[in-house]
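Respectively, the protein sequence lines represent chains A and B. Quick note on the working numbering: the first sequence kicks off at 1 and runs consecutively. Quick note on the working numbering: the second sequence kicks off at 1001 and runs consecutively. Taking it in order: structure first as structure tokens, then the write-up.
Protein chains: 2
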Amino acid sequence: MNENYKNVKIVLVEPAGPINIGSVARVCANFGVKEIRLVAPKCDPNEISARKMALKGINLLDNALYFSTLIDAVQDCDRIIATCGRIDHGQIPLHSTKNALKWLVETELKEKVAIIFGREDRGLTNEELLIAQKVVSISTSPKYPSLNLSHAVAIILYELTNVDNKDTNINNKLKDHKRASQKELNNCLQQAKEFLLEIGFLYKHTASSRMSKIKSLLQRADIRSEELSLLRGILRQTKWFIDKKDN
Amino acid sequence: MNENYKNVKIVLVEPAGPINIGSVARVCANFGVKEIRLVAPKCDPNEISARKMALKGINLLDNALYFSTLIDAVQDCDRIIATCGRIDHGQIPLHSTKNALKWLVETELKEKVAIIFGREDRGLTNEELLIAQKVVSISTSPKYPSLNLSHAVAIILYELTNVDNKDTNINNKLKDHKRASQKELNNCLQQAKEFLLEIGFLYKHTASSRMSKIKSLLQRADIRSEELSLLRGILRQTKWFIDKKDN
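Below you can see the structure in the form of structure tokens.
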């Protein structure tokens, strides 16, 4: 996985809500982002409500860099994306979020990269949008497109980690389970078939059609070795219970 | 684009932060979701801080449905996903978020669908996770995986709007078969549990962990009504065979 995204700088322009700033710090920590830059905040980013929302993102808040203009905030950055919630963004073309984020992090050079988020109430001006090479917009309901600032950051960071990341974590977790072999499965089904014939659930002429239904169910689940053992255990114990009655 | 997702019910289990509940209402409105269900909230969802965060999501907050247990909250739902932030989720398999969300909305039947989110501090219990057919986890930094509740909802809803409609053929094939309801499945598992306790395969202290393994196997297969009937038939016949020996 491309981990360049962790070097991304999250830039907030004139944020006005301490709760939002704290929430942004938390979600940056959630996604391993290491730097927040604040352009002329309209509130105190160290207010108690910001600190409460930041939780383990508190270091990001404490170490946030302050700038008085957006140009200053991104002047050392080589690749810059701006986010835009408005629909009337004039002549500025929108890029697909996925493609823009891919472009942002798929560099092997030691480039600094930034994503800019605008004011809670009115986003970024057209002039500010033009500071970035690419402008993206998160698609939402046209009836109420304006996302909360920290939600916008959360969604963009989530998308950023998913650029080229094909659910590797989950696949690793799934790999821990050993899938049962066809031979194991067939052996178990054979035992089950004999038992079901014995108790009169199956008749010779219905056996194979019913057993194939059970097989297809277990195959659909990608049954694991440990689960087959469980089923075999049930079969063994049931037989034992029945034999006990005979004696 | 498939717009089924707008009918999804967002279920919050014991939410404790009014700011979070308000934020969830707002982001639901952002993505066109129409219903929030609250299970035994640990705070007043109509507190001023919740209402302030909800903004245009205020109607969703005002019309939220209240339930005392999670089972009650989802009993009318046919497809259910639970979200899980923990890494130690025991034997419960994780699904890829994209695939699970695709499965959730790609139905042409008038099914009710729900996504469950757990408590801010400790998510959902394993027992609660098992109420859903599929469990997903948002991949975050392993150093600080715990997302804010409303950020988790934002990310899942964003992903949900992005699931495309490819692979509908697969669903059309599945449509011919009626999937078993959660109620049917639970009833069958309850009968099986009683039987397995009786024959001594289960002990009281191992029963729930072993039964949850069986449940998770059957859920992974998206078990159908007709297959549940087959399993119930086997159970019934085995009991009959045993009773016959007693006489």
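A virtual CB, placed ideally from N, CA and C, is assigned to each residue, including glycine.
Beta-carbon proximity list for residue i, same chain, < 8 Å, skipping 5 on both sides
i	result
B:I1170	Bear in mind that the predicted position of B:I1170 carries a pLDDT of just 35, short of 50, making it unreliable; the figure below should be weighed with that in mind. No residues qualify anywhere along the chain.
B:V1027	G1057, S1150, V1153, A1154 and L1157
B:D1044	P1018 and A1050
B:E1184	S1225 and L1228
A:L174	For A:L174, the predicted structure reports a pLDDT of 44, less than 50, and the residue's modelled location is therefore unreliable. The matter cannot be settled from this model.
A:G233	none
For residue i, the nearest candidate out of the options (CA to CA)
i	options	result
A:Q237	A:N30, A:A192 and A:D76	A:A192
A:L101	A:L235, A:I156 and A:A64	A:I156
A:E128	A:S209, A:T206, A:I81 and A:H95	A:I81
A:R37	A:A29, A:F241, A:I223 and A:A64	A:A64
A:I199	B:N1059, B:N1162 and B:K1239	B:K1239
B:N1099	B:I1071, B:F1117 and B:Q1133	B:Q1133
B:T1140	A:N162, A:A73 and A:L196	A:N162
A:I131	A:R122, A:R220 and A:F117	A:F117
B:T1125	B:I1071, B:L1055 and B:M1053	B:I1071
B:G1113	B:V1135, B:I1010, B:L1055 and B:A1016	The residue asked about is misnamed: residue 1113 of chain B is Val in this sequence, not Gly. Comparing Cα-Cα distances from B:V1113 to each of B:V1135, B:I1010, B:L1055 and B:A1016, the minimum goes to B:I1010.
A:G123	A:N148, A:L196, A:A221 and A:A54	A:N148
B:N1030	A:P142, A:R220, A:Q190 and A:S208	A:P142
A:T107	A:N7, A:L235 and A:K245	A:N7
A:F241	B:F1195, B:I1234 and B:R1232	B:F1195
B:D987	B:L1012, B:N1186 and B:K1178	Residue coverage of chain B in this structure runs from 1001 to 1247, which leaves residue 987 of chain B outside it and unanswerable.
A:K34	A:L189, A:L197, A:Q190 and A:N59	A:N59
A:L295	A:D246, A:R220 and A:N187	Limits of chain A in this structure are 1 at one end and 247 at the other, which puts residue 295 of chain A out of reach.
A:K178	A:L61, A:H205 and A:D222	A:D222
A:I115	A:L217, A:Q219 and A:V74	A:V74
Residue-level contact to chain D via CB, residue i, 7 Å cutoff
i	result
A:S141	Among the protein chains of the structure shown, namely A and B, there is no chain D.
Beta-carbon contacts of residue i that lie in its chain and below 6 Å, excluding the five residues immediately before and after
i	result
B:Y1005	V1105 and L1160
A:S137	C84 and L94
B:P1145	G1085
B:W1103	none
A:A54	G22, A25, R26 and L61
Cross-strand partners of residue i (DSSP beta bridge)
i	result
A:E35	A:K9
A:L94	A:V135
B:R1119	B:G1123
B:A1114	B:K1009 and B:I1080
A:R26	None; A:R26 has no bridge partner.
B:R1224	B:R1179
Same chain, Cβ closer than 7 Å to residue i, neighbours up to 5 away in sequence not counted
i	result
A:E14	V39, A40, P41, K42 and R119
A:S68	A40
A:N172	Because A:N172 sits at a pLDDT of 40, beneath the cut-off of 50, its placement in the model cannot be relied upon, and the point is left open.
A:K244	none
B:A1207	K1193 and L1197
A:E111	D78 and R79
Contact test: residue i Cβ vs the ligand SAH heavy atom, cutoff 6 Å
i	result
B:I1116	The ligand SAH is not part of this structure, which contains no ligands at all.
The region 1047-1057 of chain B contacting the region 1009-1027 of chain B, beta-carbon criterion three pairs below 8 Å: yes
Contact the region 1204-1222 of chain B vs the region 213-230 of chain A: 3+ CB pairs below 8 Å: yes
Length-filtered (3 minimum) beta strand (DSSP E) runs lying within the region 1035-1086 of chain B: If only complete runs of 3 or more residues are kept, the region 1035-1086 of chain B shows the beta strand (DSSP E) at 1035-1039, 1065-1067 and 1079-1083, in order along the chain.
In chain order, each alpha helix (DSSP H) run of at least 4 residues that lies wholly inside the region 1173-1211 of chain B: Qualifying alpha helix (DSSP H) stretches, in chain order: 1182-1198.
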